[in-house]
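K.L.:
Numbering (my numbering), first residue to last: 54 to 130.
Have a look at this one:
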């Protein structure tokens, strides 16, 4: 199995973004937002994990919509 190098955000979005039904999309967005809030709490509270909440949020956003997945990849924070 050979790994390919993806050099741009567009290539990553094209490769990994999955479209789903509107109901599933809303559920994924809801859980993704919840995990994002948990990761933001981790910035403030010492000992609360940050990355372990942000990674599933990015995964759920990739399942929900291209716009949110692109936002998680290009957000400067």
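C-beta: ideal position from N, C-alpha, C; glycine also.
Pick helix, strand or coil for residue 71, following the three-state DSSP scheme.
P.N.:
The residue given as residue 71 occupies position 18 in the chain shown. DSSP places residue 71 in coil when its eight states are reduced to three.
K.L.:
Buried or exposed: which applies to residue 89, given that a residue is buried once 16 or more other Cβ atoms fall within 10 Å of its Cβ?
P.N.:
Stepping through the chain shown from its first residue, residue 89 is reached at position 36. By the 10 Å Cβ count, residue 89 comes out buried.
K.L.:
Who are the near neighbours of residue 124 in its chain, counting only those whose CB is closer than 8 Å to its CB and skipping five residues on each side?
P.N.:
The residue you call residue 124 lines up with position 71 of the chain shown. For residue 124, where only same-chain residues beyond five positions count, the Cβ hits under 8 Å are 114.
K.L.:
In angstroms with no decimal places, state the Cα-to-Cα distance between residue 75 and residue 118.
P.N.:
Your numbering for residue 75 matches position 22 in the chain shown. Your numbering for residue 118 matches position 65 in the chain shown. Roughly 10 Å separates the two Cα atoms.
K.L.:
Please name the residue in 83, 95 and 78 whose C-alpha comes closest to that of residue 116.
P.N.:
For this step, residue 116 is matched to residue 63 along the chain shown. Nearest C-alpha to residue 116: 78.
K.L.:
Applying the 10 Å Cβ sphere with the 16-neighbour rule, what's the burial state of residue 73?
P.N.:
Here residue 73 is taken as the residue at index 20 of the chain shown, counted from 1. Residue 73 should be labelled exposed.
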